[in-house]
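Numbering (the working numbering), first residue to last: -4 to 134.
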């Protein structure tokens, strides 16, 4: 899960000021922290292309939604995707070039259907290597 610190409304004014974020895994352990300034590393997407220039994407999935993730900008680039909204029988599918967590199984889709579904990837130069996933189905 992704949590923003020091604000009453966790999703308000995402472009207005510098923020501090903490990433917590499904067991409650802190996996990392980040700071973000206006125009920085966060985007919210309802459909279409995810930015490879943004470090983190918040998916807003209402009903059936299609997304794409293009090639990374450099080997070692990280990309995090978190489902922040899931409504009306959500079925969000990202199409891209992935390697599953085993590092060898090629995948072309990542399916999100609930708030807190998450995916952490790293660009290898040829595919997005899935590092961790929570309730995301790779296909």
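Even for Gly, the Cβ is constructed at its ideal location relative to N, Cα and C.
Where the beta strand (DSSP E) containing residue 62 begins and where it ends
51 to 64
May I ask which residues mark the beginning and end of the beta strand (DSSP E) holding residue 124?
123 to 129
Which residue or residues does DSSP assign as beta-bridge partners of residue 43?
62
For the beta strand (DSSP E) containing residue 90, name the first residue and the last one.
73 to 94
If residue 134 and residue 106 are in contact, beta carbons under 8 Å, what's the gap, nearest whole angstrom?
7 Å
Residue 87 and residue 108: beta carbons closer than 8 Å?
yes
Cβ neighbours of residue 57 in the same chain (closer than 6 Å, five flanking residues each side left out):
82 and 83
Of the residues 63, 64 and 95, the one placed nearest residue 129, counting alpha carbons only:
95
Reduced DSSP category for residue 114 - H, G, I as helix; E, B as strand; rest coil
strand
Smallest Cα separation from residue 73: which of 37, 111, 99 and 43?
37
Residues bridged to residue 106 by DSSP?
88 and 132
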